[in-house]
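Below you'll find the structure, written out as structure tokens, and then a few comments.
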Amino acid sequence: MSGPGIAARLEAQAIRLSDPSCPFCRGLGIVFDPQGSGKARGGFLLCQCLEKKVRAKDPPYEYFDEERGLMAACPARPARLAIERIETLTRAAHIPPRFQGNYLEAALAQADKDGDETTLMALDNAIETVKSAAGGTPYGLFIYGPPGAGKTHLACIVINEIIRLYRKTSLFAKVHRDVIARVKSTFNQNSDAYGQARTIEEELAKVPVLVLDDLGIKETTPFENQLLYDIIDSRYDYDRLTIITSNDSIDAFKEVAQGRVTSRLRQMCREVHLEAEDHRLKHAL
Ligand SMILES: [Zn+2]
């Protein structure tokens, strides 16, 4: 289930900045190099199909066209700007550093090699989520399973792919730290964020792609449940793509907010199960 077929399926609607017949970038104009760009987690480079056409190496990537007698954009300019945009979006998304530079192709190849059917099925759904970020009705993901199953890793792979292929603004938020604690801090008069609860809720409701990491049913108060429900409900109304990780299945939320959370999540997300990590078998996530 890996190889060129996956790239074609995944990249069908990706932004293309070069010749689609290039065997290295398939027209994306950029390639991810795990050792690349002098960055610890790897980085994007111009594909060799553009590298040979470069006319200006520095911003604003323009050169003097002798024939036409005017300044012109270097053919590699859009791809260079794309790399800058990917780096900016990745920083703004707050993806944990250890999950940056992780992409579907490597995870698929590994799961395939391991014969890990559960993970392959989860990755298959992840491809549909990535594709849906191109437009239309979002295909959300609800990833559940025990601690150590690779849920956060999978969620981050999906954001990395969406940023790589479509350059969409995304946000990774841990439910307790980045949602509940952040909103509650706005009630404190000594906080810089005093009175900003609505602004924070709006941001979480409207950001095009959101990961809510570690959504739990235990130890949450009615206020916290309502806050989380309101964010999820608004995202449904705005047709925003939402990826949730949890130790519990969607059904486990039946008792929360009179069952409204469960029914909303069922409408927005495909439920994906990951099993406990077995180091002898599983390396993909
Ligand atoms: Zn190329």
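455 is the number that our numbering gives the last residue of the sequence shown; the numbers go up by one with no jumps. Note that beta-carbon positions come from the ideal geometry of N, C-alpha and C, so glycine has one too.
Near ligand 1: residue i beta-carbon under 7 Å from a heavy atom
i, result
"S302", "no"
"C219", "yes"
"F357", "no"
"F194", "yes"
"S188", "yes"
"G199", "yes"
Euclidean distance between Cα positions of residue i and residue j
i, j, result
"R434", "A422", "13 Å"
"L385", "H346", "8 Å"
"R250", "I200", "8 Å"
"R430", "F312", "16 Å"
"Q280", "V381", "24 Å"
"F202", "A427", "43 Å"
"P392", "Y408", "24 Å"
"L274", "S361", "40 Å"
"K283", "D294", "15 Å"
"A277", "A454", "5 Å"
"Q437", "I401", "15 Å"
"I329", "V379", "8 Å"
"R352", "E371", "10 Å"
"G212", "K424", "42 Å"
"L444", "T356", "35 Å"
"L341", "A375", "11 Å"
"D403", "R247", "40 Å"
"R487", "Y336", "Within the shown structure, residues of the chain are numbered from 171 to 455, placing residue 487 beyond reach of any answer."
"A304", "A184", "8 Å"
"A367", "H264", "20 Å"
"L397", "D383", "15 Å"
"A177", "N358", "49 Å"
"P308", "P316", "26 Å"
Counted within 10 angstroms of its Cβ, other Cβ atoms place residue i as buried (16 or more) or exposed
i, result
"K344", "buried"
"D235", "exposed"
"A262", "exposed"
"G365", "exposed"
"N272", "buried"
"P245", "buried"
Cutoff 8 Å: residue i Cβ touching any chain C Cβ
i, result
"A454", "No chain C appears in the structure shown, which is made up of a single protein chain."
Coil, strand or helix - residue i by DSSP
i, result
"T260", "helix"
"D400", "helix"
"V431", "helix"
"E232", "strand"
"I253", "helix"
"E441", "strand"
"Y364", "coil"
"D294", "helix"
"Y406", "helix"
"I522", "Lying before the first or after the last residue shown, residue 522 is absent from the chain, which here runs from 171 to 455."
"F423", "helix"
"K344", "strand"
From the options, residue whose alpha carbon lies closest to that of residue i
i, options, result
"Q218", "I401, R196, G306", "R196"
"S188", "P378, D400, A252, I327", "A252"
"S419", "K338, Y399, R440, L411", "R440"
"K227", "R238, E236, L215", "L215"
"A292", "E425, T432, I413, K424", "I413"
"P230", "K222, A242, R238, T415", "A242"
"S302", "E373, I332, P317", "I332"
"V377", "K354, T390, Y406", "Y406"
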